[in-house]
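Sequential numbering of the sequence shown, starting at 51, is according to my numbering.
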Amino acid sequence: MDCRQWLDIKQYEFLLNWFMRRQQEIGLADLNEPYSYDGYSQYDQLCQQLVNDARIAFIERFSEQAPPIVFTNLFHLAELELAGKRPKRTRLKAPINLQ
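Spelled out as structure tokens, the structure:
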């Protein structure tokens with residue numbers, strides 16, 4: 051999901067850069083555990099902490115709240131950016147034979 055529909059460019063870039071910087075600082079990519087998404091792993095706990103901290107940083111910076119979905123989406127986009135695996139926009143291609 052593209053979060054730019056809910057955020058202006060400054061807000062979007064602020065959150066993406068904030069998540070990237072914080073993930074590097076805490077070494078999120080260096081965790082030696084699988085992503086469990088059950089709420090109990092160290093990854094899950096760090097994810098929730100960063101999302102909560104990002105909400106506070108966003109309000110402090112822009113004096114308004116953002117939809118909750120943007121924090122989760124930009125958290126994961128920051129992971130992909132740091133891993134060098136940013137998703138590319140794909141275009142649907144027409145089949146070769148249109149018969």
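Every residue gets a Cβ at the ideal spot worked out from N, C-alpha and C, and that includes glycine.
Keep in mind the model is a prediction, meaning the values are calculated, not measured.
Residue environment, A79, which counts as buried when at least 16 other CB atoms sit within 10 Å: exposed
Among V120, G134, C97, the one whose alpha carbon lies nearest that of R72: C97
Beta-carbon contacts of E114 that lie in its chain and below 7 Å, excluding the five residues immediately before and after: none
Where the alpha helix (DSSP H) containing D103 begins and where it ends: 92–112
Whole-Å CB distance - V101 paired with F125, under 8 Å assumed: 6 Å
C-alpha distance - E94 paired with Y62, whole-angstrom precision: For clarity, residue 94 is Asp in the given sequence; the question names Glu instead. Between D94 and Y62, the C-alpha separation is close to 23 Å.
From K135, F108, E129, P117, residue whose alpha carbon lies closest to that of W14: Nothing can be reported for residue 14, as the shown portion of the chain is limited to 51 through 149.
Residue range of the alpha helix (DSSP H) that includes P118: 118–133
Other residues of its chain near A128: CB distance less than 7 Å, five sequence neighbours each side excluded: L66, F69, M70, Q73
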